[in-house]
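So the sequence shown is residues 368 to 2076, counted in the numbering used here.
In what follows, a single structure is set out as structure tokens and then discussed.
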Amino acid sequence: MHLGTISMEDQEISYSEEEEQKFLPFLEEEEKEDKASERSNVEEHWESENNCFESKLEEELAGGGKTGSEDDSEGVGDQSDSSMESLEHCLGNISNIQTRKYMDRICMSAFQRNLKEVSDIAREKQFMVQNTRDKLGTCQLQIEMLAKQLERVDIEIEKEEAAGNVAALSRLRAMRRRLCTELEKEKDFELQISLTLKENMLEMWQMETEQGKYEILHEQLKKSEEELEMQYQERAKVRIWKEKIAALQAEENQRSRQKKEEEAQREYEEKHKKMIEDAKRNHKKAVFFLRKSMARIHERNAKEEAKTREHMERRIQAVLSLKTSIASNREKLRTRQVRNKAMALEAKKQEMKMREAILAGGGNVAKEILLHKRLLEHEKEKQAYREQQKSRKIEIVSKILREKAAIHKPKRSQSCTKAIKGGGKLQDSVLWRMRTWQYIEESCKASAGAVSQPWCPPPPCSSAGERTASVGEISEETSHDGLCESDEDEEEKDKVLVEPEFPGLWGQECDLCKVAKEEMDPEQLEKFQTGISHKQIVSGRECKGRTFYSKPSCIHFQDFDVGQLYKKKIVLINASYRVNFCRLVGISEWLKDFISVHFNPPGKISSGMSCGLVVTFKPMINETLEGEVMFMAQTGSFSVPLKCTAKRCILALDKEFIDFGSHVVGETISRTINLTNSGALGTRFKVQPSAGDSSTQRATAKPSLGRVVTQHFSACIPEKKISNNSVTSVVEKKELICPEDSEERPCSAAQEELQRVEMSWKDGSTEQLGQDVLNSRSALDTDNAHNVELSPEETPVEIMLGKVTEGEIGPFSSVKLQILFVPTIPGDAQAEFVITFDNPDCKPLFFRAIGVSVDVPVWVSNPNVDLKICMYDRLYQDCIVIQSRAKATLCLKFEVCRELSKHMELLPKTGYIQAQSSFSLRLKFLPRRSLPEDAGRYFNEETGILEVPVRILIVGKAKKVNFTVHAIVTTSDLEISPAQINFGYCTIYEAVRANIKLTNKSILPQEFGFVGLPEFVEIQPNDGFGILLPLESLTLDIIFKANKAKEYSFELTCKSEINRQFKLSCKAVGVHPPLELSHSLVQFAATALDGVSTATLYVMNPHVSVNPFTHPVPRIGKGEAAPVGPTSFEFHVPETCPITITPSVGTVLPGKKSLIQVSFSPTLSDQQIREEAVRRLCRAAAAGAEMQDDPQQITSPCVYLKKRKKDEKKEGKKSTIPMSRQQSARQLPRDGGSKHPTSLQSSERPKYEELKPDSDAYMAAQAFLRRNFRGRFEKYIIPCFVASGCIDEKKGSGNLSYSPYNTLYLELHCPAVAPSVVVTSDHGKNTVNFGDVAVGHRTMKQITIQNISLERVELGFSVLNPNGPFLLVRAVKMLEPGENKTLVISFCPHGNEWFFDVLDIRTAKTGLTLKITGRGVMPTIVCSVGEVLDVGYVLAGEKRTATFKIQNTSPVTLPYSMQLDSLSSTRDKDQQKIPSFITSPSQRTELVETQNYNGLSVFSIFPAEGEIVAGKSQDFTVTFSPDHESLCYSDCLKVMLFGKEPAHVIHLKGAARDHPMFVEGGVPLDVPLESLAVTSPTAPQKARAGEQKPVKSILLALECFEGESPPVPATAELRVGSILTQLASKKKLEFSLEAPPLLQQKGFTIEATKGRVERGQVRRIGVSWLPPAGCRADDPLLVTALLTLRSDIKETYQIVFMAKVVSACAPSE
């Protein structure tokens, strides 16, 4: 790479455009700073001059701010004036300040960039030179190494030539040729590297030369950067000073504000003190007046109490007289009943006589009797008519007398009525009186011995006067009337003033339903007379409700007159299921003096039949009465309500507010108001102005506060219909805003008055309400009289009454009242009027009238034209009607303000209005988008409200008429967010959904709709149509489904109701995957919890050709088509998803399909189980705390269970599935209720994470949730990734490349339901885990299942693997609701592996899946000893023990048994075989050799059987107990596991001697078996006593190898031992070896020839042999020697030494 010289001129111009763009923002910022440098210098100088001022200011502030704000401002001004000279001087020196210009900084940045490039190139060249040098050094080392190798090869070639080795010589020559070739290549490479190094060094030197040229510029650049940094620091200082000055100014401002606040606080405190003093003075005055008023109240109360005492005395006397009159009336009633019965019998007798007479004369009996009855009725009607005439005359006379009395004494009657009403307001005294009279009444009735209904007070009357009437007055009047008119009862009995309700019924004299007492059942008659009732049950149905109904349901005497007689016929209908009886019990006590009932008991009344009675009412007092008529039936008592209503006045106005509108001064306007009386009593009325409104009030310049308060009162009081008052008043609701110039204090006073009025209204005191309203109005009017400009004398009356101001209003009539409005002064006028009545029960009525008088003859009927809500660019029109009061034609001109001339137009511009007529004006309004800018102050952009003033000019008159056009202008835009949608990649088998938000920017509702949708797009909801409310946002789903593989780009059009269009652009890429699913949606059946549902589908590969003309080719958009061949797939199932797909990975060949199995197994989530477990633990802890607090409350589990059941019933958690007693008792601590949840502290609450899945709480919660599972529905979408190629089983799918756009999706709908059968054993686990079981061993498990449904369940079981280790031993066929049964499953593994199987328990609706697992384990043990256990030497007759350990290394517990071959049952058969000593030692398998003579086993093992826990070990003790001397004791010990094959075999060995000494070593010379001839044990002792024991021989064989240098001696050894016995022998074992000299001559060497051996020790005697000179290999040496042992006895052994020389290759025999 060659780099030419770079000149500075080229570098300044040739910097790239990218770098220019990179530094452009920085350069622009610098340019701005340069432009602001002059201002900053001026500011710096200004601030430097102000330093002195700041210091002074700080001193003043520190001194406490003694000077005011004015002095400070003056000081600042002086300081600024003094600093002007220095500022001019600074401006003169600005030109001398040298600052960097914009172009200089550009050049400086270019220099920096060029210098950096040069330095980078130089470093790069240095690196290349260094790299080339390293390569050159490496090449030279390689050349030297090859040269050395070549020299070494030449030397070897010379050697091989000399040796004549042709093969090696050819090999070396080939190597030499290869080395020469490599050497030449390396030298050529060295030349190339050296040339490259020279070029790189030349370029490096050139770059260093260039760097030297730029050193001066680099220094200048450093200096300029330092200067720039200094400028930045100065600017920072200037900014800091500015901030300090601003902070000082802010601090001064804050101090001045604090001073002002302190002054305001002082003023407020002074005002507050003055207010407190005024309040104290007012309080003293109020206390003074209050004491006086309280004294007057006490005096008045004392007088009222005295009056009440006198009144009570009069009442007591009246009650006593009433008692005597009741007794006399009862006697008269009895005599009257006897007389009536006698008269009835007499009439019957006469009728029978008349019948007999008619029959005897031969006449028609029915006709004669009918004529006789009609004659009697006619006589009665005549008598009744006479009585009616008399009563009407009496009524007329009494009415005349009452009118005269009312005219002469209105004041006295009114005062008496008020006094009665005032007395009625004392609720406490009335209550006391009522209780007193109740006690007196009961005592009187008890003394008289009468049985009647308990006394109850009369119901509250409708009017206020009737409500205040007491019981005593009623009783007093009734008793007086009863005494006066008792003799005239019979005469007045026949007076009838009302017509019968059902004509013809009253004329029947005989009762067809009458039954004699003899026909009635005596028992029923007795129960009926005593009032005992019983239930009526017919056909299993009990009669409930009322058994008798009356027609009419209420006996109502309405608008009665005192002194008249009224009768009503009542019909009682039997509504029960069978025959019933009915008798009259009586009527209410307070009605007995006015009401009489004529009722003949009809006897038996069938169901649906009726009987009648007559109620007679003779009023004595003009008051409303209420009560009831009581009857007794067979099924119980019932009553019929009775009500008597007196005449009253019900007065009302049709309207309470009259609005005359606007009228010209000088006119007269009349309005009428109707006063209606809907009652039956007339009265006299009088209309006059209200007391607080003596004259009409005016508010020409300023509105009166009295009017404001009145309107506020009318707006505050809601519409109410007062039933207690005869006057129905309707108050209109209106909102009124107080004017801004009204004071706050009168408004608050008015509000207090209105609150008081509302409280009085609620209490029902209408009279008090009206008086309070009048008082409040008058008070407010007098308080605000100074606000009215005109005095009452000067104000003309504009609203007045007509001719009718008083008169008489009759019953059920109405009167029209005329109100006149005569405007005289322009402005508002109002007046209030009150209508008073002579009837004291009628409250005064108020109404109000307002009017406006104007002096302009033209007015607009609607001065506020409201165009409602308008949209931009839409035309709106309205018609404005102009009225004229003038009597001549007027010329009018219409003008709109200039700002809105482009948007609003009035047509016509000029018009003529005829006299006293109207003129229509057309208004056109077309708001444009420029309205906010053009309208100015007439339009509010935030609210969109437009108020346009329009003027009407009357030609020839200066007065103008104004009206206002109101409108709310809003936009019609619909906003679609986002404006563009990219659906991305979408396969043809799925749909992609995107959400958009459609927002209505208008305050009007707008209809919208997406029109012209392509076939692959769908919009929901409502197919993209709908209505948007004002400012509402609606989320829409855009669903895109590609129909083929291509790129989609389209627009969706949304149209509004005004045909505006809004576009939404969309993009997508259609994908045709190479594979497809047979079903993309799988809907599982309802699956029980822990059950399994399976569905199958196919993954198909239809791609068999790449020809796009025959069929659609799989591709992504417009990309290349997928290759034809095997295609792989993989389903990715989430970890927490209860879905299993098998196989999840596979490969599908072209034109083939692969079967896929999808399984759904719903389970409970771990989080849900843990939460339930924590709740149950908390409840259990709370129950435990409760039991500790009250241990006597729950003393047994049964009591606890009962309490628990009660708690569950209260909580609504009672389970419908019965549980066993044992299970319930086991779950007591877990299912306890939580009555004291606060007893469990937060520190004791179990943590969520600490619960383990195998804990009891976790398992109990899991079982509880499984039992109370309510079902759920879940959806899962499983992706299936597709890749071209075949999956390698070893490498997996990681070697295939796939595209995520080809992914298929499988949607699963998974409903889970509660199971019918659950597992109750093992804490409800559905997994049967046998654990580790030894191979070949069989174990069984019991699984308890329970039916938790409400139906009987039949069970079916799937078939387990017949070749597997699991077996269903016992099955269950049927389960009753709540029943538990047990399944038995066995497991017998046949290999060392895991086993798994599934048992499906099927029911009619759901199923239960049991997962059965187990592992077969091969039992393994480790023994501490090997295959041989040698116990050693023991004295015959003694015992010796040896221990060993066996460890269980398998994961299961192993049962073992220890077996000895000597005790085997096959021992006798084995002894019949050929003796083992005949065979060679390698072929011997018999391990049982010498045994005891006594028949007992010489070896014994403990323990003989047991179990070894997994991972543990067991110690075993082997006891060796020989009974005779032998060196061949042997046995075989087998460790048997599970009683089958031996796991370990141990060869037991031992030796026994008669004497405590032995010698070992050498080659054995005898067989390991003893002779079958057993000698007696005394034979050795005899031989020992008489003869010497024969010498025993021991052969020692030594072999030495030939040809070794130096020669290695052969070695052997003898072991001499002393047996540790139980005998107390002190002699030690001594041995001596008599070695002849021949041993040494033959080369034998013995280590020790003599020595001693301690008890229990073994001494080794080493023997070595070195062949002497001349020893031949074929001539072995034999030398003998005697070994003598001395202890208790002496033993001699002959030791035979045999030595020979053998060759190294020849094996020794």
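Cβ atoms here follow ideal geometry from the backbone N, Cα and C, with glycine treated the same way.
Whole-angstrom distance between residue j and residue i, CA atom to CA atom
i	j	result
Lys757	Lys749	13 Å
Leu517	Asp501	25 Å
Glu1034	Val1164	14 Å
Gly1393	Leu1403	11 Å
Val1466	Thr1354	16 Å
Arg2027	Ser1817	43 Å
Leu1750	Val1801	60 Å
Ser1423	Asn1231	31 Å
Gln1826	Glu1872	9 Å
Arg480	Leu564	29 Å
Ser1897	Lys2009	39 Å
Glu1314	Ile1247	16 Å
Tyr2060	Thr1884	35 Å
Asn1041	Phe1330	35 Å
Ile763	Lys1010	26 Å
With 16 other Cβ atoms within 10 Å as the buried cut-off, status of residue i
i	result
Arg1360	exposed
Cys921	exposed
Tyr1279	exposed
Met719	exposed
Tyr323	The chain is shown only over 368 to 2076; residue 323 falls outside these bounds and no answer can be derived.
Pro1275	exposed
Trp957	buried
Leu657	exposed
Lys934	buried
His1470	buried
One or two residues paired with residue i in a DSSP bridge
i	result
Trp1761	Arg1782
Trp1226	Gln1250
Glu1674	Leu1448, Ile1644
His2066	The residue asked about is misnamed: residue 2066 is Ala in this sequence, not His. Beta-bridge pairing links Ala2066 to Leu1965, Leu2044.
Lys936	Val981
Thr1256	DSSP output for Thr1256 lists no bridge partner at all.
Asp1898	Leu1915
Thr1203	Lys1053
Ala534	In DSSP, Ala534 forms no bridge with anything.
Phe1697	In DSSP, Phe1697 forms no bridge with anything.
Integer Cβ distance of residue i from residue j, believed to fall under 8 Å
i	j	result
Thr1420	Phe1350	With a Cβ gap of about 18 Å, Thr1420 and Phe1350 do not count as contacting.
Val2025	Leu1962	About 20 Å; that fails the 8 Å criterion.
Ala1452	Phe1407	That belief does not hold up - the Cβ atoms of Ala1452 and Phe1407 are roughly 32 Å apart, past 8 Å.
Chain D contact for residue i (CB, 8 Å cutoff)
i	result
Ser1416	The structure shown contains no chain D; it is built from a single protein chain.
In chain order, each beta strand (DSSP E) run of at least 3 residues that lies wholly inside the segment 669-754: With a minimum length of 3 residues, no continuous beta strand (DSSP E) run stays inside the segment 669-754.
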